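The structure appears below as structure tokens.
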Amino acid sequence: IVEGPAPHPMTAAVTGVANVVVEAPRPKKDEEFTAEENARDLADIQAASILSQGLPRHIFNTLNQTESTKEMWENIELLMKGS
Numbered sequence: 080i081v082e083g084p085a086p087h088p089m090t091a092a093v094t095g096v097a098n099v100v101v102e103a104p105r106p107k108k109d110e111e112f113t114a115e116e117n118a119r120d121l122a123d124i125q126a127a128s129i130l131s132q133g134l135p136r137h138i139f140n141t142l143n144q145t146e147s148t149k150e151m152w153e154n155i156e157l158l159m160k161g162s
């Protein structure tokens with residue numbers, strides 16, 4: 080959570096047009112992910128699930144729109160301050 084979300088892994092897609100080779104980034108396919116990337120993604124999903132399970136409904140509804148577990152955690156800290 081502290082490090083923020085893992086960036087979506089990208090890889091280079093090589094295309095050739097008129098004898099010019101261009102490497103353009105593209106999202107990785109499922110089979111291209113390493114075991115470490117899969118473990119990090121699973122940990123992010125589990126952390127978000129654990130955080131959301133113990134929240135009051137009105138706070139959960141507010142946090143349901145967050146993009147990452149880190150963003151969710153920062154908002155929980157703000158919303159629960161003084162509780």
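Numbered per my numbering, the sequence shown spans residues 80 to 162.
No residue lacks a Cβ here, since even glycine has one placed at the ideal position from N, Cα and C.
Owing to the predicted nature of the structure, the values given are computational and were not obtained by experimental measurement.
query                                                                                                                                                                        : result
Starting from the Cα of Q132, find the closest Cα among N117, P104, W152 and E111 and give me that residue.                                                                  : W152
Under a Cβ-count criterion, where at least 16 other Cβ atoms within 10 Å of its own Cβ denotes burial, should A118 be classed as buried or exposed?                          : exposed
Write down every uninterrupted run of the alpha helix (DSSP H) in the region 96-148 whose length is 4 residues or greater and which is fully enclosed by it, in chain order. : 114-132 and 136-142
If we ignore side chains and look at the alpha-carbon of each, how far apart do A122 and A114 end up?                                                                        : 12 Å
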